[in-house]
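If you read the sequence shown in my numbering, its first letter stands for residue 79, the second for the next number, and so on. Note that CB positions come from ideal geometry on N, CA and C, so glycine has one too. Values in this document were obtained by computation on a predicted structure and should not be read as measured data.
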Amino acid sequence: MKRHKRRLARLAAAALVGVLLGGAGCASNKAGIDSPQLPAKHWLDEAPGVPVSQKAKLEAAIPNLYDPAKTFSFEECVFLTIQQSPLLVNSAVELEIQRLARTDAAWKYIPEPRMTVTVSNNLTRFNKNEPDKPKDYGQTDYEIGFYTAFPNPIRTYFEHSAQELMANLALSSHRKAVGQAIYRIATAYTELDARRRINAVAEALPGQSKSSLEFWRQVESVDGRQGVERNVAEQHLKETELALEKGKMQETMLLTQLKILAGVDPRQRLAVDSGSVRPLIERFDGRRLNWEERWALTEDQYLLRGQIKLADYNIMVAWAEYVPNMTLQMNRYPPAGQYQPANGEEDTFLHLYFDFPLIDWGRRYRGVQTARMKKAQAFHKQANARTDYSNEWLQAEQNVALAETNLRLVRVQFETAEMRFKEAQISFNEGLTTLPVVTGAHEAMINAQVALIEAEKGLELAKLQWMFVSGMLQEYFLGQPAKEVE
């Protein structure tokens with residue numbers, strides 16, 4: 079009879095595990111998406127998010143920071159930023175936290191043995207005169223026991239899988255933060271380069287104003303009177319000098335902002351080749367790309383697909399609540415029927431406990447349903463993000479088209495101003511016009527050239543934004559986010 083009961087118990091346990099695994103299969107099949115794990119294993123642990131192929135460039139950035147003859151290109155400034163920018167601290171720390179959590183989850187596969195020590199003595203000694211009392215009656219008793227609670231095998235497996243995925247998602251989030259830092263550095267380089275070119279062109283404006291002022295001084299010395307033209311010329315000279323001073327201060331501020339982005343002390347010298355980012359932008363042609371193909375390679379896409387897979391694991395963890403708890407104990411507590419004589423030697427017993435509720439009032443079922451609804455939310459979030467990406471791509475494309483049209487317009491305006499200046503020079507040489515007319519035409523041409531540089535900067539920033547949206551800017555330094563090598 080006892081053998082028959084044991085056989086029934088084993089069959090029931092096997093059936094329970096089969097049902098749970100069958101439910102796990104159902105939950106997994108409902109995922110409906112082949113979600114990759116991120117990223118590939120060839121990433122550096124020392125500088126997470128940077129491929130091994132870029133290691134030499136990364137290591138060379140910091141030593142060169144204090145070289146007085148060093149001029150940082152855009153690429154070198156990016157690697158400098160990756161190592162020490164405060165923008166990347168939070169994501170890097172979160173990555174380390176998730177890696178520790180992954181290691182912690184792996185150790186949960188192993189049961190944790192524990193030891194209990196019990197020290198006992200009599201508070202009362204009513205039986206000290208009884209003839210059949212134990213020999214150690216009334217003495218302090220020390221008892222040592224051992225027990226271990228076995229982990230839930232299904233829950234432990236999927237919790238470990240979830241932590242593996244969380245670590246990969248943390249690395250992907252760090253890569254995304256690095257990509258945003260690269261974009262900000264590229265924007266700072268572009269704006270600084272435009273400001274330097276504008277300042278170089280604007281250097282000629284005070285000279286033109288001085289020539290005009292000197293002309294009116296000579297006119298007044300001949301006429302013997304002071305006219306309003308000289309006063310206007312003096313005011314205009316002050317305007318051009320202040321405008322040039324303002325431009326130089328803006329250049330200093332842009333360089334300070336770049337230092338802050340790169341994590342360099344604003345008082346530290348940092349010479350940069352601001353024009354080094356332009357070739358990278360000029361090579362980009364977003365019209366040859368397809369937004370759907372690029373969406374499949376973005377960090378956001380991988381993060382969202384990872385969230386769906388993480389929700390799948392959470393469903394399995396919820397199903398694992400149906401597995402009973404199992405505990406193994408070793409002590410001197412006899413089960414019913416195991417008589418220990420008062421004066422005999424105490425036996426040591428091994429106890430295996432199974433603990434599960436008969437009625438949980440639907441708690442486990444509600445947990446599974448909640449996990450499934452969270453997965454549905456993850457699917458909906460992914461669909462919304464895909465739509466937002468397509469809209470962002472369209473806006474970036476339209477911004478580039480508008481910037482190109484504006485550049486063509488401003489270039490025509492500059493050519494017109496250049497022609498008028500040449501015409502004024504010819505008229506002046508033939509004695510048909512005065513020097514202020516020539517200087518005015520020259521100043522108008524310089525202002526048109528400044529507007530042309532601003533229009534070129536606008537196009538570069540528009541292309542840079544499109545490049546960032548497409549992920550090509552990040553890929554140049556970080557490579558593509560890849561599937562985990564199985």
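Span of the beta strand (DSSP E), counted from its first residue to its last, around residue i
i	result
residue 189	Element bounds for residue 189: n/a, residue is neither H nor E.
residue 405	403-409
residue 221	219-228
residue 431	427-433
Buried/exposed call for residue i, threshold 16 Cβ in 10 Å
i	result
residue 147	exposed
residue 100	In this predicted model, residue 100 has a pLDDT of only 43, less than 50, meaning its place in the structure is not dependable; the value taken from the coordinates is given anyway. Counting Cβ neighbours within 10 Å, residue 100 comes out exposed, since fewer than 16 surround it.
residue 175	exposed
residue 198	exposed
residue 260	buried
residue 429	exposed
residue 144	exposed
residue 508	exposed
residue 213	exposed
residue 209	exposed
residue 534	buried
residue 487	exposed
residue 178	exposed
residue 342	buried
residue 462	exposed
residue 443	exposed
residue 436	exposed
residue 481	buried
Sequence-distant residues of the same chain with beta carbon closer than 8 Å to residue i, five excluded per side
i	result
residue 279	524, 527, 528 and 531
residue 336	155, 263, 266, 267, 270, 348 and 350
residue 33	The structure shown has nothing for residue 33, since the chain only spans 79 to 564.
residue 332	266, 269, 270 and 273
residue 329	270, 273, 274 and 277
residue 499	516, 519, 520, 522 and 523
residue 433	402, 403, 404 and 405
residue 340	155, 158, 159, 162, 163, 263 and 348
residue 325	273, 276, 277 and 280
residue 354	151, 152, 153 and 267
Cβ neighbours of residue i in the same chain (closer than 7 Å, five flanking residues each side left out)
i	result
residue 445	396 and 399
residue 216	200, 203 and 206
residue 183	237, 238 and 241
residue 521	283 and 286
residue 352	267, 270, 271 and 274
residue 505	511
residue 548	364, 367 and 372
residue 319	284
residue 418	412, 424 and 425
residue 171	none
residue 450	393
residue 496	523
residue 421	212 and 213
First and last residue of the uninterrupted alpha helix (DSSP H) at residue i
i	result
residue 273	231-280
residue 620	No answer is possible for residue 620: the residues shown for the chain start at 79 and end at 564.
residue 360	356-360
residue 159	152-162
As assigned by DSSP and simplified to three states, the class of residue i
i	result
residue 376	coil
residue 547	helix
residue 107	For residue 107, the predicted structure reports a pLDDT of 38, less than 50, and the residue's modelled location is therefore unreliable. A value from the coordinates is still provided. In the structure shown, residue 107 sits in a helix (DSSP, three-state: H, G or I).
residue 198	strand
residue 318	helix
residue 342	coil
residue 555	helix
residue 334	helix
residue 349	strand
residue 181	helix
residue 517	helix
Other residues of its chain near residue i: CB distance less than 6 Å, five sequence neighbours each side excluded
i	result
residue 389	452, 453 and 456
residue 194	223
residue 150	350
Original post:
Is there contact here, the segment 376-383 with the segment 241-258, by at least three beta-carbon pairs under 8 Å?
Top reply: Yes, since at least three Cβ pairs between the segment 376-383 and the segment 241-258 fall closer than 8 Å, the two stretches touch.
**OP:** Count the CB pairs spanning the segment 227-234 and the segment 182-198 that are closer than 8 Å, and state whether there are at least three.
**Re:** At 8 Å Cβ cutoff, the stretches touch.
Original post:
Per the contact definition of three or more C-beta pairs closer than 8 Å, is the segment 358-372 in contact with the segment 309-316?
Top reply: No: the two stretches stay apart, fewer than three of their Cβ pairs being nearer than 8 Å.
Original post:
Is the segment 446-458 in contact with the segment 383-397, if contact means three or more CB pairs nearer than 8 Å?
Top reply: Contact holds: three or more Cβ-Cβ distances are below 8 Å.
**OP:** Evaluate contact between the segment 533-552 and the segment 461-480, counting only Cβ atoms and requiring at least three cross-stretch pairs below 8 Å.
**Re:** Under the three-pair Cβ rule at 8 Å, the segment 533-552 counts as touching the segment 461-480.
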